[in-house]
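A short worksheet on the structure shown next.
2 protein chains.
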Amino acid sequence: MTRFKATISYDGSDFAGFQEQPGRRTVQSEIEKVLQKLNSGKELKLWMAGRTDSGVHACGQVIHFDLEDPRPVERIRFALDTQTPADISIWKLEVVASDFHARFTPHEKIYEYLLDNSVSRSPFKRRSQAWFRYRLDLGLMQEAASKIVGTHDFEGFTAAGGSVKDKVRTISLATVEKIDESSFRFRFRGSGFLYKQVRNMVGTLIKIGNGKFPVDQIDKILSTGNRHFAGPTAHPEGLYLKEVIYNEDRK
Amino acid sequence: MTRFKATISYDGSDFAGFQEQPGRRTVQSEIEKVLQKLNSGKELKLWMAGRTDSGVHACGQVIHFDLEDPRPVERIRFALDTQTPADISIWKLEVVASDFHARFTPHEKIYEYLLDNSVSRSPFKRRSQAWFRYRLDLGLMQEAASKIVGTHDFEGFTAAGGSVKDKVRTISLATVEKIDESSFRFRFRGSGFLYKQVRNMVGTLIKIGNGKFPVDQIDKILSTGNRHFAGPTAHPEGLYLKEVIYNEDRK
């Protein structure tokens, strides 16, 4: 048995999310189909660093899986990359210790959110960026984002009905930048994120940037834990799981 | 009658080209459907600066059309922009003199071609850039591109079977740049282009960059007019009609 760690990208537009679901096209099922061929036809499971929802993209999702007959790493990577559909790319593959686990080995994740803020939506950005046509103030969004940094109970930023009890998480980075004349990039780094937390934070920052909420709406959401004070969940096409950084790689 | 000039963008991926064709989804037919509604249900024709083929994009295609009842320009632009599908954007609209003609008023066009030169094709670039996985030498491609500039008979760079007799055209600009760690941008400016000329020039430059043709293959193609000396037609997904510059606007 050899354990492999793969770093992958995918365009989430045409997937019902990462995780396997009966009868739906998912990233996991497309990759497992190819892995089974490479595993002499025997079924096998892969593990991912983090699930992504329907329509959400990844540039640096990490998965792991075990194969019985090891072959040269580049040959396996090439087979996986070329046999999976064009909206999935397997761009890095490494052999790792058998106790590595994509999900349970401690790590931080970086999420990015891209937003097209032009009056007329660009046809070239419609699958890769969300769109908000009204005025946005960069300074207000930056000030509000800085209030997210730290260890907080993020109850007010998660979707109702999640099974996780402890909603305390640490966000070490939360920034907003302008990347061209009409696009904004939001970036968040942390050791764990709740269900829809990033999209709810972005939805709230957009309302603040548009002047519909004051900057200290963030404090109100964090202190009350009340989802109703937060903005709407931002659309999935702007969200990217950008990078997964394992603590053991940082030694 | 009021004549309108519109500047439009479209993602060509899901169109059978710009020009109307029975039973196919084209940019022209999608826009004419909406124009007819704005024209009190009366059919009308639009004219475009240049046809684009199936899969080819535009950032700055220019069209013109006439409407009987003039309304505020921004209201018409907004209606056209929002009622056309998401892969078409009408981002600029102006009233022009009744003798303006998108195609026959003298102009120059700028075409751009984007090429992803990474080993593993990016899922995010697969609709917006062509892909070539092997090594490309920027310097060789730049040297070869400079040989294209000037007034030449471009017979050897056009597809067979075109109806145009005179194949002499003037290219005032032909450049190749690296725009990020793995992407190249080719740019061509001229007063007229032959059928598939840009894609055939790019296909030839790629062969030169990969060392399969010498740099002076360009001279050979221009002097003999023989299509067989040129490279294959480059894929449509990398090509953009970037800008149309009318001579009268430059006064």
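Just so you know, the sequences run in chain order R and F. Using the working numbering, the letters of the first sequence correspond one by one to residues 1 to 251. Using the working numbering, the letters of the second sequence correspond one by one to residues 252 to 502. Backbone N, C-alpha and C fix where the C-beta goes; we use that ideal spot for every residue, glycine too.
Query	Result
Apart from the five residues just before and just after G55/R, which ones in its own chain have a Cβ nearer than 7 Å to its Cβ?	G12, S13, P236 and E237
By DSSP's criteria, Y491/F is part of a beta bridge. Which residues make up the other side?	H308/F and E363/F
Can you list the residues of chain R that W298/F reaches, using a CB-CB cut of under 9 Å?	Ordered by position in chain R, no residue passes the 9 Å Cβ test against W298/F, which lies about 21 Å from the chain.
Are the C-beta atoms of D431/F and some chain R residue less than 9 Å apart?	no
Mind checking which residues open and close the beta strand (DSSP E) that includes T258/F?	T253 to Y261
With distances taken Cα to Cα, identify the nearest neighbour of K178/R among D166/R, W91/R, G139/R and E94/R.	G139/R
In whole angstroms, what is the alpha-carbon distance linking K360/F and D417/F?	18 Å
Whole angstroms are fine: how far does the CA of Q36/R sit from the CA of S182/R?	44 Å
Between R275/F and chain R, is any beta-carbon pair separated by less than 9 Å?	no
Is the beta carbon of R372/F closer than 9 Å to that of R384/F?	yes
Quick check on the DSSP output: what are the complete alpha helix (DSSP H) runs of length 4 or more inside the segment 410 to 479 of chain F, in order along the chain?	448 to 460 and 468 to 475
Can you check which of these residues, S89/R, K92/R and N39/R, is closest to D66/R by C-alpha distance?	N39/R
Between S423/F and V370/F, what straight-line distance do the alpha-carbon atoms span, to the nearest angstrom?	33 Å
Are the beta-carbon atoms of V27/R and Q61/R separated by less than 9 Å?	yes
Would a check of beta-carbon distances place R436/F closer than 9 Å to chain R?	no
So is D81/R buried or exposed if we call it buried at 16+ other beta carbons inside 10 Å?	buried
Name, going along the chain, the residues of the segment 370 to 394 of chain F whose beta-carbon falls closer than 9 Å to a beta-carbon of chain R.	V370, S371, R372, S373, P374, F375, R377, R378 and S379
Taking Cβ-Cβ distances below 8 Å as the criterion, which residues of the segment 1 to 25 of chain R are in contact with chain F?	S9, Y10 and D11
Just to make sure I have the definition right: I need the residues of chain F whose C-beta is within less than 9 Å of the C-beta of I76/R. Which are they?	By Cβ distance, chain F contributes nothing, its closest Cβ being about 13 Å from I76/R, past 9 Å.
Could you have a look at E388/F and say whether DSSP puts it in helix, strand or coil?	This sequence places Asp at residue 388/F; Glu is not what is there. Note: D388/F maps to coil in three-state DSSP.
At a CB-CB cut-off below 8 Å, which residues of chain F make contact with A86/R?	R372, P374 and R377
With which residues is D404/F paired in a DSSP beta bridge?	V419/F
Return no unless some Cβ of chain R is closer than 9 Å to the Cβ of H486/F.	no
Let's test the definition: count the other Cβ atoms within 10 Å of the Cβ of A381/F and tell me whether it reaches 16, buried, or not, exposed.	buried
Pull up the distance between the alpha-carbon of A6/R and that of K376/F, whole angstroms please.	20 Å
So, R478/F versus A396/F, is the Cβ gap smaller than 9 Å?	no
May I ask you to report which of helix, strand or coil DSSP gives K33/R?	helix
Pull up the distance between the alpha-carbon of S349/F and that of T356/F, whole angstroms please.	11 Å
Check whether the Cβ of A309/F sits closer than 8 Å to any heavy atom of the ligand HEM, and report yes or no.	No copy of the ligand HEM occurs in the structure displayed, which carries no ligand at all.
Which same chain residues, not among the five before or five after K92/R, have their C-beta less than 6 Å away from its C-beta?	T7
In terms of DSSP beta bridges, what is I351/F paired with?	The residue you asked about is not Ile; residue 351/F is Phe in the sequence shown. Bridge partners of F351/F: none, in fact.
Quick one: what does DSSP say S128/R is sitting in, helix, strand or coil?	coil
Taking contact to mean 3 or more Cβ pairs, one atom from each stretch, closer than 8 Å, check whether the segment 184 to 191 of chain R and the segment 210 to 217 of chain R are in contact.	no
Keeping to the same chain, check which residues put their C-beta closer than 6 Å to that of A102/R; ignore five residues upstream and five downstream.	W47, M48, A49, V62, I63 and H64
What does the Cβ neighbour count give for L44/R, buried or exposed, with the cut at 16 atoms within 10 Å?	exposed
Could one say the Cβ of S89/R lies closer than 9 Å to chain C's Cβ atoms, at least one of them?	Absence of chain C from the displayed structure is noted, the protein chains being R and F.
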